[in-house]
Each structure stands twice: as C-alpha cells, then as structure tokens.
Amino acid sequence: MIEWIVAQQLPLTASLLLLICLETFLTGKLGVKFTYRLWLLVPGILFLNNVPTGLISLPANSISYYVVGIGPALATNDNDWMLVGWACGATALILYTVSYHLRIARTIKSDSNHHAPVFASDAISSPMLFGAVKPRILVPSMFSSQFNEQEQALILKHERTHRSHYDHIWNCMALCLLTVFWFNPVVWLAARSFRTSQEIACDAAVLDSSSPEEKFIYAKALVLCAEHSVSHINLYPTLGDKSTMLKRLNAIKHPRVVNKATILASVVVVGALCTNTALAKFSTQTVKPEEAAKASPVKRVHPAYPEKAANNEMEGEVVLKFDITENGATDNISVVKSSPQGVFDKSAVEALKQWKYKPRIQGGVAQRQTGLLVQLDFRLGPPESSGKENTAK
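Numbering (full-length UniProt numbering), first residue to last: 1 to 393.
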C-alpha cells in the first residue's frame, strides 16, 4: 500500500502544481468554466500512472537458492513505520469527517419559509450543499432574517447550481484524495484552489445574463455570508468561504475576456504532462529475456522455521514463483513445488511477501518482472551466511 502511495507523488504533485498556477494566474484568460474543467486532469493523471505496464519475463531456468535455518525469524519491515504514520493521519481525517457530518446531520430540520426542499441547521453559519449521495440545501437557522427575498433567491440558486454541476460528487472525490494523500502539502493547497475554481464557476453560471443590479445584490449577499461565517475547517464548501471571497468579488466586478491563445497553450501543457505520464509507464524498447539481469533482493526476510518441523527434525525445500513490481515489491506469489508438501509452504510465502528487490530499469523506466523462481531450502542448524548463498542460472 505505502509503495503505491509513494509512486503517485511525482505525477500527482506535478499536475496539482500546474492546476494551482493556472487557477491563480490565468483564470481570467482561460475562463472560469474551462479552468474548473481542467481539474479533470487529476483523475486522468492517476489513471495513466496506474495502467498496466510492459513486462519482462525471465528465463524459466533462472532460479535462486537460499538456505533457511532455525535462526530467529526476521519479520521487521522498513516501511512499517511509514504505513503506521500514514494510517494514523488518514484515520484521524476520516474520524473528523464522520464527526463533522454527524454533528450537522443531527441538527437538520425543515425550513418552512421556502417552497423548494430547503433545510435549516443550527450547526452551520453559511449556506451549503450537504451530502454526497442525496445532497440537500442547508441554510443557517437565521437565514430568513439575515437576507432579503432577492438575496435568498440568488443564494438558493447558487446552491442549486452546485447540485446541477454535480459538485457534491466532485467534492467527495476531492475529500477522498485528500484523505489518501493527506501528508502532501500540495494536495491541501490544491483543495483550496479547486474550491475557488468551483465557486467562481458557480457564480458565473448563476449570474449568466444577469443585470448589473442583480450582480450587485448577489455580491452583497456574498459579503453578508462571509461576515456571518465562522472560520474553521470546512469539509463542505460554503457560500461564505472567506478565503475565496476576494477572488469571487473581483470576478463578478471585472469579468475578463477569454484569451484563445492562452487556452491553447494550457491545453498543450496539460497534454504534454499526460503524454509524459503515459510514456513513463510504457517502454518503447523490446527487452529480450536474456538481457534482463538476474534479480537479487536488497531486503530479504528470513522465514520462520515451523516449530512442528523442527521438533520432528524435518528438512525440506519450497520452490516459489513470483513477480517483481515496478517498486521492487514481490507479487503473485505461488508455490511451484515443495517437499515435504505443505510443511514449509506458508512460512516461505509469508517471508517472500516481505522481500524487496531493486527495480528493473529499462530505458529509464521501471519494469515489472514476471516468472521469477526462488528455492528456499529449510535445513536444521543456523542459516548459511549470505556469502555462501548461491544463485544458479
């Protein structure tokens, strides 16, 4: 798991930094709708970075031999502390998300002041679209007294526009990515930039073909929402988000003309990033099996000698077939043959799962290696030193 997360960092961070720059400096020239749609680059990059890659199959007679003794089993993993740290952070964020959702859900009540399905809550200070599956429009309990009828109509139109854009689904996906990659500061910056693009795009849709007076009323409603909004970590985008308010007001007051040359340039850059990510997963060179170097582990976990076998003074061997991933981890482990059958199989498989290999690099690209064989000889007495272990070709 931790190897997969680490492998996503370079393409993910590069794409997020590009999108943050485009949103920060070029929204006016690209257009608010186009800038918001560019965020589809993130799932696209993750998809391209995880498509199946080219394979290297080693000759069937390539087999490594290692001797296992009764010495103590080495079951430590260098990545354990990283996995534990990541799990703690992800769990904390999940718990906060659940508690935040439940705290709001417990306070929801019907708002009889509006004909449309609108709900009120004492736990919020600004209107929002709440929920991922069946989103509901929530307003603060004092909504009717804080805003006049025109302001209320525009605010509710804003939230309905979010729902028609399926922003509740995109926000759910963004929250999932934030939970998985919580340790990456660029992801947090990108989440804020993403919400800015989302809100400005929604504002533009609401005010499309609106009169200057309606724009003024809408801008006034935004300011009032920001004044009453409480500053805290918002898992659900709110109308009164103070961090995006200045950009939104400027976009309403000074709408800019879209520059086609800037759009074309951004498309070229985004396309180049996608192409580079895709090419990095596929080697353009044909690799002959005999050209692939014999794989040697850089980390080898010593299998535990089964207690029952040791007590009965049993010896044996297990031949395992496995693959090496692009990150050097073992995968698709299976027992080819064992003697005595079933005695040492489990111990051998559990140990091989924790082995790490130096990734095979071809043309500057890490390759998946398939069809490797290793034989673990279980012998009574201490295991032989690494210098005496031999590899037969």
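For each residue, glycine too, the CB sits at the ideal point set by N, CA and C.
Would you give the residue range spanned by the beta strand (DSSP E) that residue i belongs to?
i    : result
I5   : Where I5 is concerned, there is no enclosing beta strand (DSSP E), although the alpha helix (DSSP H) it sits in stretches over 2–30.
M128 : 128–130
G85  : Unbroken run through G85 is the alpha helix (DSSP H), 80–105; no beta strand (DSSP E).
K299 : 297–299
S121 : 118–121
Between residue i and the rest of its own chain, which residues show a CB-CB distance below 7 angstroms, the 5 nearest in sequence each way excluded?
i    : result
I155 : P127, F147, A221, L239
A191 : A174, L178
K247 : T196, I200
I2   : N79, M82, L83, W86
N259 : K29
E315 : F378, R379, L380
P135 : L129, R163, H168
N250 : none
P72  : Bear in mind that the predicted position of P72 carries a pLDDT of just 49, short of 50, making it unreliable; the figure below should be weighed with that in mind. Result list for P72: empty, nothing under 7 angstroms.
G31  : V258
I217 : Q150, E151, L154
W182 : G89, A90, L93
E23  : T35, S193, T196, S197
N77  : Low per-residue confidence applies at N77: pLDDT is 48, beneath 50, and the placement is therefore not dependable enough to give any value.
Under 8 angstroms by Cβ, that's how I've got residue i and residue j pegged, so tell me the actual separation to the nearest angstrom.
i    : j    : result
E313 : L380 : 6 angstroms
T325 : R368 : 6 angstroms
R300 : G28  : With a Cβ gap of about 57 angstroms, R300 and G28 do not count as contacting.
L320 : V349 : 7 angstroms
V98  : V118 : 25 angstroms between Cβ atoms; not a contact.
R64  : V374 : Inspection of the sequence shows that residue 64 is occupied by Ser rather than by Arg. About 5 angstroms separates the two Cβ atoms, so the contact holds.
D345 : V335 : 5 angstroms
V180 : I5   : 7 angstroms
Y305 : V68  : 6 angstroms
P303 : S243 : No, P303 and S243 are not in contact; Cβ-Cβ is about 54 angstroms, not under 8 angstroms.
L19  : S193 : 7 angstroms
A120 : S141 : 5 angstroms
Considering only residues of the same chain and omitting the five flanking positions on each side of residue i, which have a CB-CB separation below 6 angstroms?
i    : result
A123 : R103, I104, T107
D323 : D331, N332, T370
A153 : none
K288 : Because K288 carries a pLDDT of 47, less than 50, the predicted location of this residue cannot be relied on, and the following value inherits that uncertainty. Around K288: no qualifying Cβ.
A309 : V343
I45  : P11, S15, T277
K157 : V206
In terms of residues, what are the limits of the alpha helix (DSSP H) holding residue i?
i    : result
K308 : 307–311
P212 : 212–228
K134 : Neither: K134 is in no alpha helix (DSSP H) and is coded neither H nor E.
P43  : 41–48
I252 : 242–253
Using a Cβ-Cβ cutoff of less than 8 angstroms, which residues in the same chain neighbour residue i once the five nearest sequence positions on both sides are dropped?
i           : result
residue 394 : With the chain represented from 1 up to 393, any question about residue 394 goes unanswered, as that position is not in the structure.
D241        : S126, R195, E199, A226, S229, N234
L48         : P11, C274, T277, A278, K281
V327        : A small fix is needed here, since residue 327 is Asn in this sequence, not Val. Answer for N327: E3, W4, V6, A7, P359, A366, listed in chain order.
M245        : L222, V223, A226
G131        : H168
Would you call the region 261–280 and the region 337–354 in contact, with 3 or more CB pairs under 8 angstroms?
Taking one beta carbon from each stretch, the region 261–280 and the region 337–354 have fewer than 3 pairs nearer than 8 angstroms; the two do not touch.
Those runs of the beta strand (DSSP E) which lie wholly inside the region 140–184 and span at least 3 residues:
Those beta strand (DSSP E) runs which fall completely within the region 140–184 and span 3+ residues do not exist here.
Below 8 angstroms, can you find three or more Cβ-Cβ pairs linking the region 34–52 to the region 197–204?
The region 34–52 and the region 197–204 touch, with no fewer than 3 CB-CB distances between them shorter than 8 angstroms.
Is it the case that the region 6–21 contacts the region 181–195, given that we only count it when at least three CB pairs across the two stretches are under 8 angstroms?
Touching, yes.
Tell me the start and end of each unbroken alpha helix (DSSP H) in the region 304–350 that is at least 4 residues and wholly inside, in chain order.
Entirely contained in the region 304–350, the alpha helix (DSSP H) runs reaching 4 residues are, in chain order, 307–311.
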